[in-house]
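I have placed the structure first, in the form of structure tokens, so that the comments after it can refer back to it.
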Amino acid sequence: MRKFIIGGNWKMNRGTPQAAKDMLEEFIRLVREINNVDIFIAPPFTSLGGASILLNTNIKIGAQNMYFEDTGAFTGEISAKFLKTLNVEYIILGHSERRNIFKETDEMINKKLKKALEEGLKPVVCIGEHLEEREAGNTKNVIKRQMEGTFKDLKKEQIIRTVIAYEPIWAIGTGRTATPQQADEVHAYIREILEKTYDANTASSIRIQYGGSVKPNNARELFEMENIDGGLVGGASLEAASFAAIIKAATKEK
Ligand code: 13P
575 MRKFIIGGNW
585 KMNRGTPQAA
595 KDMLEEFIRL
605 VREINNVDIF
615 IAPPFTSLGG
625 ASILLNTNIK
635 IGAQNMYFED
645 TGAFTGEISA
655 KFLKTLNVEY
665 IILGHSERRN
675 IFKETDEMIN
685 KKLKKALEEG
695 LKPVVCIGEH
705 LEEREAGNTK
715 NVIKRQMEGT
725 FKDLKKEQII
735 RTVIAYEPIW
745 AIGTGRTATP
755 QQADEVHAYI
765 REILEKTYDA
775 NTASSIRIQY
785 GGSVKPNNAR
795 ELFEMENIDG
805 GLVGGASLEA
815 ASFAAIIKAA
825 TKEK
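Just so we're on the same page, the numbering used here is the position in the sequence shown counted from 1, plus 574.
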């Protein structure tokens with residue numbers, strides 16, 4: 575049995591300690607009793623300090639990006655070691671906004687992933703296709719290529735500590751969710767690749783989140799699908815009530 579995992583990716587929103595606290599105080603109250611779902615919030619770097627009110631709660635702190643070196647002349651970058659001093663446990667890597675706007679390649683994400691694992695962070699690695707790629711029938715090819723590049727040379731004990739987030743780019747911030755069947759089909763394909771690369775046990779133990787316009791009104795039908803183990807939530811994670819409602823949708827058995 576895979577435990578559900580739900581993450582809030584705040585992107586470039588709620589960027590001050592106070593703005594983070596305003597949401598988190600209420601959110602802690604709403605979900606404090608929930609222990610059968612792993613929960614994390616990834617605020618901007620500038621509000622990670624404010625997120626320290628999550629310490630000693632059932633909600634963990636995540637970050638949205640890191641660099642693969644420890645220190646040095648890398649203007650504008652932040653290392654895994656720095657993040658750990660702010661109690662960060664989860665790290666989102668390879669989000670489509672990083673890949674598309676900031677030109678991150680599979681090779682860079684692979685280096686970040688290995689570094690994150692070496693530092694004991696829990697990586698959440700995003701993959702997903704563009705609308706044109708889906709419409710051209712290339713979804714599986716894109717997923718396979720991204721997995722080969724992003725997970726290159728990853729050992730079984732490393733991939734097992736990694737969460738995968740399937741985020742079809744056409745569903746992000748658009749209000750256009752993948753249907754539960756569309757998402758589950760890709761999740762099943764991701765498991766198929768994991769089984770070929772590693773083994774059946776590894777493939778069935780890795781958690782795969784769905785991301786892309788997850789809302790309180792569609793979360794339950796997504797989470798009911800066999801291969802969907804939770805969500806990576808953008809817009810709906812910014813408000814305590816909507817994010818808590820999504821988490822509650824994952825508390826029931828499939
Ligand atoms: P939305 O939930 O706003 O569509 O964002 C999804 C996402 O990109 C999470 O990482």
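For each residue, glycine too, the CB sits at the ideal point set by N, CA and C.
Using DSSP bridges, identify the partner residues of residue i.
i             : result
serine 653    : Tyr641
aspartate 612 : Ile579
glutamine 783 : Ala739
glycine 636   : Tyr664
leucine 806   : Gly581 and Gly785
Of the residues the options, which one's Cα is nearest the Cα of residue i?
i              : options                           : result
leucine 598    : Met586, Lys577, Ser621 and Asp612 : Ser621
valine 611     : Pro618, Asp596 and Gly581         : Gly581
glutamate 741  : Phe578, Leu629, Arg576 and Asn583 : Asn583
proline 790    : Ala823, Ala752, Tyr772 and Glu663 : Ala823
threonine 748  : Ile717, Val737 and Gly785         : Gly785
glutamine 638  : Pro697, Ile802, Arg606 and Phe601 : Pro697
lysine 826     : Asn715, Met799, Arg765 and Ile683 : Met799
leucine 687    : Ile602, Glu607, Ile665 and Phe817 : Ile665
asparagine 792 : Ile627, Thr751, Glu703 and Asp596 : Thr751
asparagine 661 : Glu706, Gly636 and Asp803         : Gly636
lysine 857     : Ala757, Gly646 and Val737         : No statement about residue 857 is possible, as the shown extent of the chain runs from 575 to 828 and does not include it.
leucine 667    : Lys585, Tyr763 and His761         : Lys585
The alpha helix (DSSP H) that contains residue i, what's its start and end?
i           : result
alanine 593 : 591-605
alanine 814 : 814-823
Quick check on the DSSP output: the beta strand (DSSP E) that includes residue i runs from which residue to which?
i              : result
asparagine 663 : Sequence check: residue 663 is glutamate here, not asparagine. Note, glutamate 663: beta strand (DSSP E), 662-667.
Who are the near neighbours of residue i in its chain, counting only those whose CB is closer than 7 Å to its CB and skipping five residues on each side?
i              : result
glutamate 759  : none
glutamate 643  : Ser653
aspartate 680  : Gln720, Gly723 and Thr724
lysine 552     : Within the shown structure, residues of the chain are numbered from 575 to 828, placing residue 552 beyond reach of any answer.
methionine 640 : Ile652, Ser653, Ala654, Leu657, Ile665, Lys686 and Ala690
Which same chain residues, not among the five before or five after residue i, have their C-beta less than 6 Å away from its C-beta?
i              : result
histidine 669  : Cys700
asparagine 712 : none
alanine 594    : Arg588, Pro617, Ser621, Gly624 and Ala625
glutamate 769  : Ala777
Quick one: is the Cβ of residue i within less than 8 Å of any heavy atom of the ligand FAD?
i             : result
threonine 736 : Looking at this structure, you won't find the ligand FAD anywhere; what it does contain is the ligand 13P.
Given residue i, which residues of its chain have a CB within under 8 Å of its CB, disregarding the five upstream and five downstream residues?
i              : result
threonine 590  : Thr620, Ser621 and Gly624
arginine 708   : Pro742 and Trp744
valine 807     : Ile580, Gly581, Gly582, Asn583, Gly785, Val788, Phe817 and Ile820
arginine 765   : Ala777, Ser778, Ile780, Ile782 and Asn801
isoleucine 608 : Asn632, Ile821, Lys822 and Thr825
threonine 659  : none
Just checking: is the beta-carbon of residue i within a distance shorter than 9 Å of some beta-carbon in chain D?
i             : result
glutamate 681 : Annotation note: the requested chain D is absent from the structure, which comprises a single protein chain.
**Request:** Kindly provide the ranges of any beta strand (DSSP E) runs that are 3 or more residues long and lie completely inside the region 749-804, ordered along the chain.
**Result:** Scanning the region 749-804 for uninterrupted beta strand (DSSP E) segments of 3 residues or longer gives 782-785, listed from N- to C-terminal end.
**Request:** Identify every run of the alpha helix (DSSP H) within the region 665-745, keeping only runs that are complete inside it and at least 4 residues long; order them along the chain.
**Result:** DSSP runs (the alpha helix (DSSP H)) wholly in the region 665-745: 670-674, 680-692, 705-709, 713-724 and 730-733.
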